Structures are given as C-alpha cells and as structure tokens.
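In our numbering, the protein residues as written are 1 to 269. Glycine residues also receive a C-beta, built at the ideal position from the N, C-alpha and C atoms. Just so we're clear, the structure is a prediction, and the values are computed from it rather than from any experiment. For reference, the structure discussed in these notes is given below.
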Amino acid sequence: MDTLIDLGGGFASALEPVSLAFALLGVLLGTVVGVLPGIGPISAIAILIPVSFGMEPVHGLILLCGIYYGSMYGGSITATLIKTPGEVASAVTAIEGYEMARRGRGKAALATAAIGSFLAGTLAIIGLTFLSPVLVKLANVFGATEYFLLMATALLLASTMSAGSRAKALISIFIGLAVGLVGLDFQTGLPRQTFGMSLLSDGIDFTIFAMALFAIPEAIRNLALGRGAKDEIQSFGEDKWMTKQDWQRSAGPWARGSVVGFIIGILPG
Numbered sequence: 001m002d003t004l005i006d007l008g009g010g011f012a013s014a015l016e017p018v019s020l021a022f023a024l025l026g027v028l029l030g031t032v033v034g035v036l037p038g039i040g041p042i043s044a045i046a047i048l049i050p051v052s053f054g055m056e057p058v059h060g061l062i063l064l065c066g067i068y069y070g071s072m073y074g075g076s077i078t079a080t081l082i083k084t085p086g087e088v089a090s091a092v093t094a095i096e097g098y099e100m101a102r103r104g105r106g107k108a109a110l111a112t113a114a115i116g117s118f119l120a121g122t123l124a125i126i127g128l129t130f131l132s133p134v135l136v137k138l139a140n141v142f143g144a145t146e147y148f149l150l151m152a153t154a155l156l157l158a159s160t161m162s163a164g165s166r167a168k169a170l171i172s173i174f175i176g177l178a179v180g181l182v183g184l185d186f187q188t189g190l191p192r193q194t195f196g197m198s199l200l201s202d203g204i205d206f207t208i209f210a211m212a213l214f215a216i217p218e219a220i221r222n223l224a225l226g227r228g229a230k231d232e233i234q235s236f237g238e239d240k241w242m243t244k245q246d247w248q249r250s251a252g253p254w255a256r257g258s259v260v261g262f263i264i265g266i267l268p269g
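Here you go:
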C-alpha cells in the first residue's frame with residue numbers, strides 16, 4: 001500500500017507540464033548524444049549533467065532519466081542506418097536493423113527499436129518498483145558458481161542455436177573469450193593476456209570492439225564502391241510505419257527480450 005501511495009505522489013510530480021517538458025528535453029539531448037558512436041548512456045549523463053545544475057531535484061532527476069533513455073535509443077539509430085553501434089546494447093541491432101535498412105525498411109526498423117525500448121524500459125521500472133525486496137535477495141544468492149553456470153549455458157546456446165556453420169560459431173565464441181580475458185583478473189588482481197602493456201590492464205572496451213567489428217567492414221565496402229559509383233541501397237523506402245505483420249512478428253521478441261533483459265539486469269556485474 002505504501003508503494004502505491006508513493007507512486008501516486010511520484011506521478012503527480014512527473015505529470016506536471018514543467019516535468020514533462022524536462023523529460024522531452026532530456027530525451028532529445030540524450031538521443032543527439034547517443035547517436036555519436038562510442039558514447040553510451042553513462043557518458044551521455046556525465047557530459048550533460050552540468051545542464052541539471054540549479055534545477056529542482058525532481059526536475060533534474062527527470063532530465064537525467066530522459067537523457068539516459070534517449071541515449072539508449074540514440075545508439076540504435078546509427079546501428080540501423082550505418083551499421084555502427086552507438087553503444088553496447090545496440091550491437092545486435094546493427095545486425096538485424098541494418099539489413100532492414102538495406103531493403104528500404106529503415107523507418108520500420110527504427111520504429112521497432114523505439115517501441116521495444118519503451119516497452120522494455122516500462123516493464124523494468126514496474127518490476128523494480130514492486131519486486132525490489134525479492135530481487136535484492138535473488139541477486140545476493142548469485143555467486144561465482146551461478147555466474148559460471150549462466151555463462152556456460154549462454155556459450156552452449158550460442159554454439160548450438162547459431163545458424164550456419166557450427167565451426168564458425170565455435171571460432172567466434174573462442175575469439176570472444178580471448179578478447180574478454182584481456183585485463184586484470186577480478187579475483188586475484190593479476191594481469192591476463194596484457195603482453196606487458198599497461199594499456200590493456202583495463203581490458204578491451206566492448207563498445208570499441210563492436211564498432212571495429214561492424215563499422216570497419218562497412219567503411220571498406222563504401223570505399224570499394226568508389227566516389228563515382230551509385231549505391232542502390234536505400235535506407236528509407238515507401239513504407240513509413242510498421243505493418244500488421246511486423247507487429248505480430250515483434251510481439252514475441254519484445255516480450256521475451258523484456259523479461260530476459262530484466263532478469264539479467266538485476267544481477268550484479
């Protein structure tokens with residue numbers, strides 16, 4: 001009951017015209033910054049946090065939340081249109097969304113990403129609001145053994161459910177493991193695969209790795225076309241919105257992604 005009372009007071013403050021204006025401003029600023037490759041939500045907040053100085057605490061918090069969610073979506077824009085993830089969460093979007101853009105369905109891809117982000121974010125906030133005590137206990141139960149089993153299961157699923165060559169899937173997994181092992185060991189503090197270079201002590205940033213993985217091949221393809229060549233690929237075709245079939249196909253992935261992302265997101269680390 002106390003939670004509902006607190007929610008009522010929160011909605012009363014959040015639905016004020018001034019609060020909604022700050023939310024819109026935050027989303028716009030976050031989207032603009034999130035479009036820049038390599039700048040994630042945390043960096044966007046760090047860059048734009050001086051904007052909130054001098055504001056009322058509620059308005060400043062709403063502005064920063066808008067910046068966070070706006071930058072999360074902004075990363076999917078470059079991932080969809082130029083196959084360059086703006087942040088880590090948009091790496092998969094660069095695969096599917098860019099292929100839709102190549103077929104002239106860029107608008108539908110951006111709409112799908114926007115609606116999916118909205119639904120997942122809304123469900124996550126509702127879940128955290130009502131399930132926080134239970135989630136804290138669940139997160140504390142997870143130790144090294146549970147994390148190992150979770151990662152081992154993920155690797156097995158990646159190798160067995162991948163389409164195409166099984167050998168290529170295994171090679172990709174081993175490359176990912178090799179890249180992930182670079183840096184200091186969290187348990188012992190000893191360097192792993194740094195080759196004596198202190199710059200590798202912090203590991204390899206996945207955002208930079210994803211940008212190199214997706215953006216460099218696309219840049220090479222554009223160079224191969226030449227300045228005089230015409231690229232017949234159109235990011236935006238005649239379709240302006242998602243079709244009925246798009247809604248039907250997206251409903252299941254939206255629901256599964258929201259639940260899985262919420263469960264994984266509550267785990268520490």
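Boundaries (first-last residue) of the alpha helix (DSSP H) holding V31: Here residue 31 turns out to be Thr, not Val, going by the sequence shown. Following the DSSP letters along the chain, one finds T31 inside the alpha helix (DSSP H) bounded by residues 17 to 35.
Own chain, CB closer than 7 Å to S52, minus 5 neighbours either side, in chain order: Answer for S52: G60, L63, L64, listed in chain order.
Since I82 contacts E218 with CB under 8 Å, what's their CB separation in whole angstroms? The C-beta distance from I82 to E218 rounds to 7 Å, short enough to fall under 8 Å.
To which residues does DSSP link P191 through a beta bridge? Residue pairing by DSSP places P191 opposite L184 in a beta bridge.
Assuming Y98 contacts A124 under a Cβ cut-off of 8 Å, what Cβ separation, rounded to an integer in Å, is found between them? Contact flag wrong, Cβ pair sits at about 26 Å.
Cα-Cα separation, G54 to I171: Rounded to the nearest angstrom, the two C-alpha atoms are 53 Å apart.
Start and end residues, alpha helix (DSSP H) containing F142: Neither: F142 is in no alpha helix (DSSP H) and is coded neither H nor E.
Whole-angstrom Cβ separation of M211 and T93, contact assumed at under 8 Å? About 13 Å; that fails the 8 Å criterion.
Whole-angstrom C-beta distance between G70 and S90, which should lie under 8 Å: In fact, because the Cβ distance is near 13 Å, the residues do not count as touching under 8 Å.
Taking only runs that begin and end inside the stretch 69 to 127, name each unbroken alpha helix (DSSP H) of 4 or more residues, in chain order. With a minimum length of 4 residues, the continuous alpha helix (DSSP H) runs that stay inside the stretch 69 to 127 are 93 to 102.
Among the candidates L223, F209, V58, whose CA atom is the shortest distance from the CA of F11? Out of L223, F209, V58, V58 has the C-alpha closest to the C-alpha of F11.
Nearest candidate by alpha-carbon position, reference Q322, set F209, T112, V259: The chain is shown from 1 up to 269; residue 322 falls before or after that span and cannot be answered.
Please report the distance separating the alpha-carbon of Y68 from that of G196. Those two C-alpha atoms are separated by around 37 Å.
Whole angstroms are fine: how far does the CA of A152 sit from the CA of G34? Using only the alpha carbons, I get a separation of about 32 Å.
If you measure between the beta carbons of D202 and G183, is that distance less than 8 Å? Yes, they are a contact pair.
Mark T145 as exposed unless 16 or more other C-beta atoms lie within 10 angstroms of its C-beta, in which case mark it buried. With fewer than 16 other Cβ atoms inside 10 Å of its own Cβ, T145 counts as exposed.
Span separating the alpha-carbon of A271 from that of K168: Any property of residue 271 remains undetermined from this structure, which presents the chain solely from 1 to 269.
Between G26 and G66, how many whole angstroms is the CB-CB distance? I'm expecting something under 8 Å. Contact between G26 and G66 holds, since their C-beta atoms are separated by about 2 Å, short of 8 Å.
Check T129 in the structure and name its three-state DSSP category. Looking at T129 - three-state DSSP - the assignment turns out to be helix.
In this structure, does DSSP put E218 in helix, strand or coil? In this structure, E218 counts as helix in the three-state DSSP scheme.
Considering I42, what are the terminal residues of the alpha helix (DSSP H) in which it resides? That run of the alpha helix (DSSP H) goes 41 to 48.
Between V136 and chain C, is there a C-beta pair that is closer than 8 Å? Reference to chain C is not applicable here, since this structure consists of a single protein chain.
Nearest neighbour of W254, chosen from V179, A114, I126 [CA to CA]: Minimum Cα-Cα distance from W254 among the listed residues V179, A114, I126 corresponds to A114.
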